[in-house]
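Going from the sequence shown to the numbering used here is simple: count from 1 and add 778. In this text, a Cβ means the ideal position worked out from N, Cα and C, and glycines have one as well. Structure, as structure tokens:
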Amino acid sequence: MSLFKARDWWSTVLGEKEEFDQGCLCLADVDNSGNGQDKIIVGSFMGYLRIFNPHPVKTGDEAQAEDLLLEVHLRDPILQVEVGKFVSGTEMLHLAVLHSRKLCVYAVSGTLGNVEHGNQYQITLMYEHNLQRTACNMTYGSFGGVKGRDLICIQSVDGMLMVFEQESFAFGRFLPGSLLPGPLAYSSRTDSFITVSSCRQVESYKYQVLAFATDADKRQETEHQKLGSGKRLTVDWTLNIGEQALDIRIVSFHQSASSVFVLGERNFFCLKDNGQIRFMKKLDCSPSSFLPYCSVSEGTVNTLIGNHKSMLHIYQDVALKWATQLPHIPVALRVGCLHDLKGVIVTLSDDGHLQCSYLGTDPSLFQAPIIESRELNYDELDVELKELQKVIKDFKSQGIWPMTEKEDDLEVSAIVSPNFDSVSQATDVEVGSDLVPSITVKVTLKNRVVLQKAKLSVYVQPPLVLTCDQFIFEFIEPEMTSTVAFSVYLKRNYTPSELEGNAVVSYSKSTDRNPDGIPRVIQCKFRLPLTLICLPDQPSKSAVHKLTIDTNKSPVSLLSLFPGKSWLRESFSALGLACGSTHSGLVSGFANQSDDDQVNVMGFRFIGGSQVTLLASKTSQRYRIQSEQFEDLWLITNELILRLKEYFGKQGIKDFSCSFSGCMPLQEYFELIDHHFELRINGEKLEELLSERAVQFRAIQRRLLTRFKDKTPAPLQHLDTLLDGTYKQVFPQGAATCTSFQMLQESDSLKQGIRT
């Protein structure tokens, strides 16, 4: 605990279960009283706007009813509140409220009261702007050097800056290369906007450059911009800080030059106007908010920094001058003049704890009392324990004891058929010459209460597909049971990342408070058999990629993990064959020894052609999986581990574990990434080429159509030949593009390599 605590001058808790952020707090003389006293303006994500004027009778008092000047519900979430000269024709202060899709400017006024209830305050909407894009944050200032009024700049979530000259919209510009919005600030000294891009670098844009750049509505890719469409938007200066920024502040005092303060995730930076670093400070704790303010020492700036340990640090440049403990984590910090008390620190937490405090020390006068030592009488303690147990037992027998949670409103269970479908449901498969089996999964739903429009969605990992993946149920009576069946099969020529499926049911339950229903979700998982995608095959003695799994138990016969008869019966039935002497070669390929011996090698072949060999050591506690394809190792490895855990679990062994002691196969991993990247590049090139051919084809069609509609016959000038040639180019190009994207989808087996 810190010896130095923030002295609580006034505090309150805002609403119930409301949320706040750094833009939700503002201090200003919003009602233009002219007495130099600030009011506290707070907006919440629930849409509540509150204005406070604290008047505590004594230090530490909680908020009184008369401290709240105004509370109004604006319905839309409030992202940020600011006070400035936002209305034309007057230099009075007005309140700007930023919603996600709207900017509203209000006038706050008060009426003197004639009774004990005091003055009355109200807000009047001066004007509003409906935004075409979702807003993130805003800043304001005298853009372009205008006098006596403030302009507003709003940043959208897709990186567009929208400038409003009070009641009218001026222009909108997209920041180049914008991916995610960052904090935004305006520097009046350089007339520029400063933000931090998703590239983790501070960027400065001149207002004049933004004003004369290409309009956002006519925005094209930078490399395709035309010279006549406006000047190109260029950055004034950049600085790479190597981390994401939480906030930006611009400070300019008489005794110091203008500075740009940037709060990062681990450091805070002080920059000059041209982007050069004045100083930086590495923080010990993760910060939550900060506020630079005037320092009494010439040429220095004080900075308040709050962190996630509920501490408030005061720095003079990079030197720590004071540390104080707060009762909450501050997400917004302000300093103002309240009730003739200058320098009051106002903090706001994300759950609505608003506090006004000042710095100081409180000596602790508490002294721990002396504890009287006495010997314990264990006989009396036993008697007391028995009496308490009897009381608990009596409560249970009387039914007063709290009941356990009621059973679910809906029960979902899934059963995978032990045998393949007699007639395979696989259609439009792309796995070569192999016959593709399908297996039936039955999902049963049983309701306890009346439910309407219960929706069942079933998911499996591609390239596994379902004959039907969505079902709708109407449970108009309690205790109804509904069962649906669908088939699963392999559609494409690569292995799935896992064999687990998921059945998710979403429904709404009506209550007295919410007759429309409370949305709920229940799910049930099922596991598909390995034989659905894999067949026995001849083991391979050598392979390019190998993986060794260490265990802490003696090796198990592979026939105990993969029972030969049931495995072969399912596999052969999938192939449409009979398990007999005709296929003894395939049987010997699956297990080289008889069922009575210790089988230590097995061969697998995925439907589509790739092979995997599994070997169990006779002397050590190791298993080896090897294959020519790196990504094919994962599925057999995962199946082996699951079956080993199931095998030892049935024997009551709970300390079984698997480990991998070899080097990470990073080279194979990087090769898969490179291959995936090449496929993406090739796919984009083919798609771009196909788009060009299609544009050319449509242009020739339009010209031919114009010639045919013309009343005066004119020669075609070989347009029909050009149309035929373009048509012959479009179709092969489209087929090549489809093939490229299919290969890209198959390369998603990279996920299997990552999990391996």
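Nearest candidate by alpha-carbon position, reference residue i, set the options
i     : options                    : result
L1464 : F1438, F1455, Y1447, Q1511 : Q1511
W788  : L1339, I1451, P832         : P832
Y1237 : P1341, L1450, Q1248, E1417 : Q1248
V1390 : V1299, W1412, C1441, E1446 : W1412
L852  : C882, M870, V865           : C882
G960  : Q944, M938, F947           : M938
G1020 : T1517, Q1239, F1047, L1422 : F1047
V808  : V820, G801, E1456          : V820
L1061 : L1468, E1162, I1083, P855  : I1083
N1460 : C1516, H1323, V1122, L1154 : C1516
S887  : K880, Q900, V875, R879     : Q900
T1259 : E1278, T1245, A1232, P1240 : A1232
K863  : Q1239, E943, F1448, T1261  : E943
I1055 : L890, V1096, F1068, C1072  : V1096
D1128 : F798, D845, L848           : F798
C1246 : Q1230, I1217, S1398        : I1217
S1538 : L1393, N1330, I829         : Past the boundaries of the shown model lies residue 1538; the chain is included only from 779 to 1534, so the question cannot be answered.
DSSP state of residue i mapped onto helix, strand, coil
i     : result
Q815  : coil
T1245 : coil
V1122 : strand
L1166 : helix
R1544 : Not covered by the structure: residue 1544. The range shown for the chain is 779 to 1534.
Y1237 : strand
G1503 : helix
F947  : strand
Y1156 : helix
F1384 : strand
T1329 : strand
D1410 : helix
N1370 : Its pLDDT being 40, under 50, N1370 is placed unreliably by the model, and the measurement read from it follows with that caveat. Here N1370 sits in coil by DSSP.
R1298 : strand
G1427 : helix
G1512 : helix
D1172 : helix
H1453 : helix
C1436 : strand
G1020 : coil
E1276 : coil
E797  : coil
E1462 : helix
L803  : strand
Q1316 : coil
Whole-Å CB distance - residue i paired with residue j, under 8 Å assumed
i     : j     : result
P1017 : G1053 : Per the sequence shown, the amino acid found at residue 1017 is Leu instead of Pro. Yes, L1017 and G1053 are in contact; Cβ-Cβ is about 5 Å, under 8 Å.
H877  : A885  : Their Cβ separation, rounded to whole angstroms, is 18 Å, which puts H877 and A885 out of contact at 8 Å.
K1220 : I1193 : 5 Å
D1014 : S970  : 6 Å
I818  : V1124 : 6 Å
V1079 : S1037 : 6 Å
Q1507 : R1471 : 5 Å
V1243 : D1187 : Incorrect: roughly 31 Å between the Cβ atoms, too far for contact.
L1310 : V1266 : 7 Å
A989  : L1011 : The Cβ separation is near 10 Å, so there is no contact.
L792  : L1132 : 6 Å
F1434 : L1422 : 7 Å
N1416 : E1276 : 7 Å
Cβ-based neighbour list, residue i, same chain, cut-off 6 Å, excluding 5 preceding and 5 following
i    : result
M824 : E796
I932 : A913, M916, M940
Y985 : F921, G922, D969
A784 : T1102, L1104, S1135
Sequence-distant residues of its chain with Cβ nearer than 7 Å to residue i (five each side left out)
i     : result
N810  : M870, L871
L903  : C882, Y884
P1297 : S1284, S1286
Residues of its chain near residue i, where Cβ-Cβ distance is below 8 Å and the 5 sequence neighbours each way are ignored
i     : result
S920  : R927, D928, L929, S966
A963  : T917, F971, I972, T973, I1026, R1027, I1028, V1038
D854  : G825, H877, S878, R879, K880
L1483 : none
Would the segment 1300–1317 and the segment 1246–1258 be scored as touching if the rule is three or more Cβ pairs under 8 Å? no
Pairs of beta-carbons, one from the segment 1268–1285 and one from the segment 1398–1413, closer than 8 Å: are there three or more? yes
Is it the case that the segment 903–913 contacts the segment 970–985, given that we only count it when at least three CB pairs across the two stretches are under 8 Å? no
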